[in-house]
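Novice:
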Amino acid sequence: MDAASDLRYPIGKYEPKPFSEDQKQEWIADIKFLPNTVENALLNLGEDQLHSPYRPGGWTVHQLVHHLADSHMNAYIRFKLGMTEENPVIKPYEEKQWAELADVRELPVNISVTLLYALHQRWTVFLKSIPDSAWEERTVFHPEHKRQMTLWFLLGLYAWHCRHHAAHITGLRERSGW
Numbered sequence: 001m002d003a004a005s006d007l008r009y010p011i012g013k014y015e016p017k018p019f020s021e022d023q024k025q026e027w028i029a030d031i032k033f034l035p036n037t038v039e040n041a042l043l044n045l046g047e048d049q050l051h052s053p054y055r056p057g058g059w060t061v062h063q064l065v066h067h068l069a070d071s072h073m074n075a076y077i078r079f080k081l082g083m084t085e086e087n088p089v090i091k092p093y094e095e096k097q098w099a100e101l102a103d104v105r106e107l108p109v110n111i112s113v114t115l116l117y118a119l120h121q122r123w124t125v126f127l128k129s130i131p132d133s134a135w136e137e138r139t140v141f142h143p144e145h146k147r148q149m150t151l152w153f154l155l156g157l158y159a160w161h162c163r164h165h166a167a168h169i170t171g172l173r174e175r176s177g178w
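Residue numbers for the sequence shown follow UniProt numbering, beginning at 1 and rising by one.
1. On the DSSP bridge assignment, give the partners of Arg147 in chain order.
2. Taking the alpha carbon of Leu127 as the reference point, which residue from Leu172, Arg105, Val65, Leu154 has its own alpha carbon closest?
3. Go ahead and pull the three-state DSSP assignment for Pro35.
4. Pick out whichever of Ala134, Ser129, Phe19, Cys162 has its Cα sitting closest to the Cα of Asp70.
5. Could you compute how far the alpha carbon of Asn74 sits from the alpha carbon of His168?
6. What ranges does the alpha helix (DSSP H) occupy inside the stretch 56-142, keeping only unbroken runs of at least 4 residues that lie completely in it?
7. With a cut-off of 8 Å on the beta carbons, I'd call Trp160 and Leu45 a contact; round off their distance for me.
8. Whole angstroms are fine: how far does the CA of Gly171 sit from the CA of Pro108?
9. Can you round the beta-carbon distance between Tyr158 and Leu119 to whole angstroms, since I take them to be within the 8 Å contact cut?
10. Drop a sphere of 10 angstroms on the beta-carbon of His62, count the other beta-carbons inside from all chains shown, and report buried for 16 or more, exposed for fewer.
11. Between Val125, His67, Pro143, Lys32, which lies nearest to Asn110 when the distance is taken from Cα to Cα?
12. Give me the DSSP bridge partner(s) of Pro53.
13. Less than 9 Å between the beta carbons of Ala41 and Ala134, yes or no?
14. Excluding five sequence neighbours on each side, which residues of the same chain lie with their C-beta closer than 8 Å to the C-beta of Phe141?
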């Protein structure tokens, strides 16, 4: 199955790109505007729609929005660790288990959308402060993937993550005629 028709990867899998100022600005904008993108993707969805999986066997829209908040809180911390420590080991987490916890089950999505607005504002200011030399010099070590990752790699990965999950919601809306 090609990536375009794979509901798991509506925009394809992440592909790293070489450093450029234009690419950096594009990726930072992806992160900056995710809260707006998600809020717009959720407009006029009812509870039944929010509790619909974006694909067979996938998370519901409700879980997906809370996942974005969980994931991006971790991402923000990973960037800060990468800027303040030498190749720190970052902490993986069990995102599937997190998506089943009480805060995800019991709280409405607007709680995580609100959190995303505040978090992404701080994250964007922080990302803009990173000197160009640090993007490829500063690294973190991901023990689950057993690899060192530059902050540049992470910036691209999380910009992709923003577009990836927004496309899950908008793709479901389009397929369902919502």
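Positions of the beta carbon are idealized from the N, C-alpha and C atoms, including for glycine.
Specialist: For this structure:
1. As a first step, residue 147 must be located in the sequence shown, where it is residue number 147. Arg147 pairs with His142.
2. Position 127 of the sequence shown, counted from the start, is the residue given in the question as residue 127. Comparing Cα-Cα distances from Leu127 to each of Leu172, Arg105, Val65, Leu154, the minimum goes to Leu154.
3. For the purposes of this step, residue 35 is taken as the residue at position 35 of the sequence shown. In this structure, Pro35 counts as helix in the three-state DSSP scheme.
4. As a first step, residue 70 is located in the sequence shown; it is residue number 70 there, counting from the start. It is Cys162.
5. By one-based count along the sequence shown, residue 74 stands at place 74. By one-based count along the sequence shown, residue 168 stands at place 168. Taking the Cα positions, Asn74 is about 21 Å away from His168.
6. 61-84, 95-98, 102-106, 109-129, 132-137
7. Sequence index remark: in the sequence shown, residue 160 carries index 160 (1-based). Sequence index remark: in the sequence shown, residue 45 carries index 45 (1-based). No, Trp160 and Leu45 are not in contact; Cβ-Cβ is about 24 Å, not under 8 Å.
8. Within the sequence shown, numbered from 1, the residue matching residue 108 stands at position 108. Within the sequence shown, numbered from 1, the residue matching residue 171 stands at position 171. Near 21 Å, if we compare the C-alpha coordinates of Gly171 and Pro108.
9. The residue given as residue 158 occupies position 158 in the sequence shown. The residue given as residue 119 occupies position 119 in the sequence shown. Not really, about 12 Å apart at Cβ, beyond 8 Å.
10. Locating residue 62 in the sequence shown gives position 62, counting from the first residue. Per the 10 Å Cβ criterion, buried.
11. The residue you call residue 110 lines up with position 110 of the sequence shown. It is His67.
12. Within the sequence shown, numbered from 1, the residue matching residue 53 stands at position 53. DSSP output for Pro53 lists Thr60 as bridge partner(s).
13. Locating residue 41 in the sequence shown gives position 41, counting from the first residue. Locating residue 134 in the sequence shown gives position 134, counting from the first residue. Their beta carbons are not under 9 Å apart, which means Ala41 does not touch Ala134 by this criterion.
14. Mapped onto the sequence shown, residue 141 falls at position 141. Cβ contact annotation for Phe141 (same chain, cutoff 8 Å, sequence separation greater than five): Asn87, Pro88, Val89, Ile90, Arg147, Gln148, Met149, in chain order.
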